[in-house]
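Notes to accompany the following structure.
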Amino acid sequence: MGWVQDYQPAGGLWLSAALAALPIIVLLVTLGVLRRSAHLSAALALITALLVAVLLYRMPAGLALDSAAMGLVFGVWSVAWIAFHAVYFHNVTVATGRFDDIKAVLAGFSEDRRLQALLIAFGFGALLEGIAGGGSPIAITAAMMAALGFPPVKAVVLALLANTAPVAFGGLGNPLIVLGRLTAPILGMQQEQATELFSSMVGRQLPLLALIVPGFLIVVLAGWKRMIEVWPAVLTAGLSFAVMQFVTSNFISPSLVDVVAALAAMASLWILTRFWQPSAVWRFDGEEPVRTGASLGAAKAGRGALYAWAPYIVLIAAIFLSRIGTIFKDLPEWLDLTKLLHKADWVFAWPGLHKEVVQHAPITPKDTPYAATLTVDFLYSPGTVALIAAIGAGFLMGAKPRLLLATYRRTLHQMRWALATIFMILAIAFVMNYSGATQTLGLALATTGVLFPLFSAYIGWLGVFLTGSDASTNSLFGPMQVISAQQLHVDPILAGATNTSGGVMGKMISPQNLSIGATAIGRSGQEGALLRQTFLWSVALTAVVGVISLLQATVLDFMIPGR
37 MGWVQDYQPA
47 GGLWLSAALA
57 ALPIIVLLVT
67 LGVLRRSAHL
77 SAALALITAL
87 LVAVLLYRMP
97 AGLALDSAAM
107 GLVFGVWSVA
117 WIAFHAVYFH
127 NVTVATGRFD
137 DIKAVLAGFS
147 EDRRLQALLI
157 AFGFGALLEG
167 IAGGGSPIAI
177 TAAMMAALGF
187 PPVKAVVLAL
197 LANTAPVAFG
207 GLGNPLIVLG
217 RLTAPILGMQ
227 QEQATELFSS
237 MVGRQLPLLA
247 LIVPGFLIVV
257 LAGWKRMIEV
267 WPAVLTAGLS
277 FAVMQFVTSN
287 FISPSLVDVV
297 AALAAMASLW
307 ILTRFWQPSA
317 VWRFDGEEPV
327 RTGASLGAAK
337 AGRGALYAWA
347 PYIVLIAAIF
357 LSRIGTIFKD
367 LPEWLDLTKL
377 LHKADWVFAW
387 PGLHKEVVQH
397 APITPKDTPY
407 AATLTVDFLY
417 SPGTVALIAA
427 IGAGFLMGAK
437 PRLLLATYRR
447 TLHQMRWALA
457 TIFMILAIAF
467 VMNYSGATQT
477 LGLALATTGV
487 LFPLFSAYIG
497 WLGVFLTGSD
507 ASTNSLFGPM
517 QVISAQQLHV
527 DPILAGATNT
537 SGGVMGKMIS
547 PQNLSIGATA
557 IGRSGQEGAL
567 LRQTFLWSVA
577 LTAVVGVISL
587 LQATVLDFMI
597 PGR
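Counting in the numbering used here, the sequence shown runs from 37 upward without gaps.
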């Protein structure tokens with residue numbers, strides 16, 4: 037039969053849940069209170085998770101170490117491989133100088149600071165989130181706006197607030213890919229099917245927020261009255277982004293959602309401003325007029341702008357071709373590149389762990405061996421697609437192999453600690469899942485009853501606050517949310533999606549992202565000031581997500597995919 041999980045090892049549900057949460061508490065305290073680095077905090081939390089598994093849950097040490105090892109390898113391929121090559125793609129555009137062309141296009145867009153904020157913080161930030169994820173959208177857009185004359189702290193606040201609607205689909209859809217892979221065995225479906233369902237559900241939540249985020253940004257920047265003056269631009273940005281976010285997440289691919297929605301928002305804004313401008317240009321107090329639009333904007337229009345965006349066009353084309361079989365059904369086999377790429381997949385059972393752990397009621401209807409299989413999609417992975425696109429775009433931009441290799445090494449050095457953190461966070465998640473700690477927390481959370489969807493959003497919010505990553509919070513809490521929903525007869529797809537959607541609102545207050553933003557403008561040490569300006573907005577927006585989820589669980593249940 038194997039080793040049987042015990043969901044109340046301390047004799048009572050809530051005491052067991054409190055002890056099961058010790059790894060999360062250690063992560064919270066070391067990161068948020070003691071202000072230790074993310075990788076050190078994750079290492080201490082991993083040690084705690086192993087001790088809880090062995091000492092409290094009486095899990096055999098070999099099984100505990102096997103689950104940690106499987107989590108680490110899962111993190112290497114399913115998370116780090118994607119995140120790393122997304123950042124590498126961006127670094128290639130910087131190394132070849134093409135990113136400077138993009139900055140010139142953005143700078144020449146308009147003299148009005150409100151329109152610049154919409155294009156850079158909301159539109160371009162979402163594009164960077166979709167491609168690279170992590171803290172890159174905050175660092176890059178904050179630095180760009182500061183260089184264009186925005187007050188530095190205000191630039192970071194705008195970048196943090198704008199980095200909400202796109203986060204769930206960041207890094208080529210990585211958070212939802214991770215969620216699908218981790219919860220597919222619990223849901224009894226294929227990983228790709230689970231990912232597509234979660235993508236559709238999030239795509240029916242976040243567009244409602246995407247509609248209001250542009251107006252919200254301008255209110256924070258210039259006030260309500262100044263926002264009303266540019267309502268056509270606010271509506272254009274929000275509506276174009278929301279529509280394409282819904283369409284792409286439900287009918288195309290989670291890997292393309294942010295890229296398509298961001299480009300749609302930016303293109304719509306650009307077209308609008310060719311025919312419409314605010315009645316008066318708004319600048320900061322004491323700022324002198326600077327004519328940038330007439331000369332620079334004209335020089336970069338048309339073919340010049342297309343040249344600047346060529347690398348991103350290559351990436352979109354590569355992702356589209358790799359997902360063509362999921363977009364167009366019943367293609368001839370020789371045209372179905374998706375099916376051809378999947379032929380290189382490697383699926384294997386983790387030795388020493390596969391079906392060696394037994395789950396039971398109330399988590400499963402009867403005693404059920406817990407599968408431990410890993411899928412390595414060598415060619416289909418968004419990380420591989422991003423790597424191929426980076427090399428192809430690099431050659432297109434005139435890069436030599438030596439430059440591409442040097443950029444790869446530099447990206448490894450840049451992300452070394454972030455990658456280490458990812459590995460350990462996934463190891464924690466797997467130890468908690470296979471020891472039964474996640475299930476204990478899920479059963480405790482299930483006692484919240486009808487308010488579970490509201491709490492679900494704040495759990496996702498807490499996870500991103502702790503880890504700085506929506507993919508990581510889906511690793512930590514995604515299985516727990518799904519299990520809790522099953523106990524409460526709430527749709528588990530809704531619960532997993534709400535964990536993701538609620539999580540994005542925690543990114544603007546996570547210590548990692550505050551630090552990234554402060555560093556980008558040369559104001560390290562001012563993280564507290566940034567936190568004070570974003571915390572209440574973060575809490576309020578999470579409440580909005582929770583209310584949307586609560587309504588979808590009750591009166592709007594027709595919005596749940598598959599119903």
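The beta-carbon is built from N, C-alpha and C at its ideal position, and this holds for glycine as well.
* Tell me residue 404's beta-bridge partners as DSSP assigns them. => According to DSSP, which records beta bridges pairwise, residue 404 is partnered with 395.
* Asked: Across which residues does DSSP place residue 409 in a beta bridge pair?
  -> 385
* Cβ pair residue 104, residue 463 closer than 7 Å -> yes
* 8 Å contact criterion, which residue 58 and residue 514 should meet: CB distance rounded -> Going by Cβ atoms, the distance from residue 58 to residue 514 rounds to 19 Å, so no, they are not a contact pair.
* What residues are listed by DSSP as bridge partners for residue 39? -> Residue 39 is bridged to 393.
* Asked: Rounded C-beta distance between residue 208 and residue 422? I'm assuming under 8 Å.
  -> 6 Å
* To do: Between the Cα of residue 525 and those of 129, 483, 79 and 302, spot the shortest distance and give me the residue it belongs to.
  => 483
* Taking C-beta to C-beta, are residue 153 and residue 49 nearer than 7 Å? -> no
* **Same chain, Cβ closer than 7 Å to residue 255, five either side skipped, listed in chain order** => 263
* Asked: Thinking C-alpha only, which one of 55, 113, 74 and 107 is nearest residue 90?
  -> 55
* To do: Select from 410, 83, 296 and 231 the residue whose C-alpha is nearest the C-alpha of residue 529.
  => Of all alpha-carbon atoms in 410, 83, 296 and 231, the one lying nearest the alpha-carbon of residue 529 is that of 231.
* Asked: How long is the line joining the alpha carbons of residue 275 and residue 158, rounded to whole angstroms?
  -> Taking the Cα positions, residue 275 is about 12 Å away from residue 158.
* Rounded C-alpha distance that separates residue 377 from residue 412 -> 12 Å
* Asked: How many Å lie between residue 116 and residue 372 at the Cα?
  -> 27 Å
* **Reduced DSSP category for residue 226 - H, G, I as helix; E, B as strand; rest coil** => Residue 226: coil per DSSP, three-state reduction.
* Would you say residue 156 and residue 181 are within 7 Å of each other, going by their C-beta atoms? -> yes
* To do: Rounded to whole angstroms, what's the CA-CA distance from residue 523 to residue 472? Just pull it up for me.
  => 15 Å
* Can residue 249 and residue 200 be called in contact, C-beta distance under 7 Å? -> yes
* Asked: By how many angstroms is the C-alpha of residue 235 removed from the C-alpha of residue 533?
  -> Their backbone Cα atoms lie some 8 Å apart in a straight line.
* Beta-carbon separation of residue 531 and residue 492 under 7 Å? -> yes
* Given a cut-off of 7 Å, decide if residue 497 and residue 468 are closer than it, judged by their beta-carbon atoms. => Going by C-beta atoms, residue 468 is not nearer than 7 Å to residue 497.
* Asked: In whole angstroms, what separates the C-alpha of residue 567 from that of residue 366?
  -> 51 Å
* Neighbour-count burial assignment, residue 543, 16 or more Cβ in a 10 Å radius -> So residue 543 counts as buried.
* Asked: Do the region 427–434 and the region 80–87 meet, that is, are 3 or more Cβ pairs less than 8 Å apart?
  -> no
* Tell me, to the nearest whole angstrom, how far the beta carbon of residue 272 is from that of residue 308; I am working on the premise that it is less than 8 Å. => 5 Å
* Asked: Does the beta-carbon distance from residue 539 to residue 499 come in below 7 Å?
  -> yes
* Out of curiosity, what's the CA-to-CA distance linking residue 527 and residue 73? -> 37 Å
* Since residue 191 is in the alpha helix (DSSP H), which residue starts that stretch and which ends it? -> Unbroken alpha helix (DSSP H) run through residue 191: 188–198.
* Outcome for residue 452 when other beta-carbon atoms lying within 10 angstroms are tallied against a minimum of 16 -> exposed
* **residue 135 vs residue 129 beta-carbon contact at 7 Å** => yes
* Alpha carbon to alpha carbon, how far is residue 92 from residue 465? -> 17 Å
* In chain order, which beta strand (DSSP E) runs of at least 3 residues are fully inside the region 257–331? -> Correct list: empty.
* **Under the three-state DSSP convention, the category residue 159 falls into** => helix
* Own chain partners of residue 219 with C-beta closer than 7 Å, once the 5 adjacent residues on each side are dropped -> 230, 514, 515, 518 and 532
* Rounded separation between residue 576 and residue 387 - CA only -> 46 Å
* Asked: So is residue 190 buried or exposed if we call it buried at 16+ other beta carbons inside 10 Å?
  -> buried
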